[in-house]
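The sequence shown runs 1 to 166 under the UniProt record's numbering. All C-beta atoms, glycine included, are put in the ideal place defined by N, C-alpha and C. Reading through the structure tokens given below for one structure.
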Amino acid sequence: MSIFVVCTTFATVYAVTSYVFLRKPQWIHRIRRPAFIARNIGHRGGAGESIENSFLAFDKGLENGLEMLELDCHLTKDSQAVVHHDFTLNRTTGQFGFIRDIEYDKLPSIRSNLQLYYDSSIIISNDNPHDTDLLRIPLLKDVFERYPTTPINIDIKENSDELIKQ
């Protein structure tokens, strides 16, 4: 009989404490504060507003209140980490070829009129002819130097340990 009482008491205490801690986890776990809160994240730098993955898009997005940038990375032939979404250049530059087969200095600039990636009937254009240097495919290190205090989410587009190290 005493074993029955001990087992019943143990099961009851276990059930009650489990229920209480399920309802009040902060009693046993500290509430963690996030390092930062980003309510507005610019996918590809704000591709719906400007030419995607370019300094032009990043600058315009941050002017419009973005709190975090999302960008995509690839490696060039000379092992430079560049910010570009596609493996190929044809959609954004009009020239055919893979990023991994071209050295960074020989990469073409992004076109100033670009179809929106999720709706090809919409054309995003750069109306300011003075912004052509902002349409160069940026190096990842240049993005970090230009926006040192902005959180950046990097989407690594290829399986490369070298890209991850950079």
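Asked: Collapsed DSSP secondary structure at S2 in the structure displayed; Found: helix
Asked: CB contact flag (V143, L62, <8 Å); Found: no
Asked: DSSP-derived helix/strand/coil call for T58; Found: Before going on, a small fix: residue 58 reads as Phe here, not Thr. F58: helix per DSSP, three-state reduction.
Asked: Delimiting residues of the alpha helix (DSSP H) encompassing E70; Found: Element bounds for E70: not the alpha helix (DSSP H) but the beta strand (DSSP E), M68 to L75.
Asked: Under the three-state DSSP convention, the category T150 falls into; Found: coil
Asked: Start and end residues, alpha helix (DSSP H) containing I164; Found: D161 to K165
Asked: Outcome for S54 when other beta-carbon atoms lying within 10 angstroms are tallied against a minimum of 16; Found: buried
Asked: Member of S121, R100 and R111 whose CA lies at the smallest distance from the CA of S160; Found: R100
Asked: Rounded C-alpha distance that separates N90 from G97; Found: 7 Å
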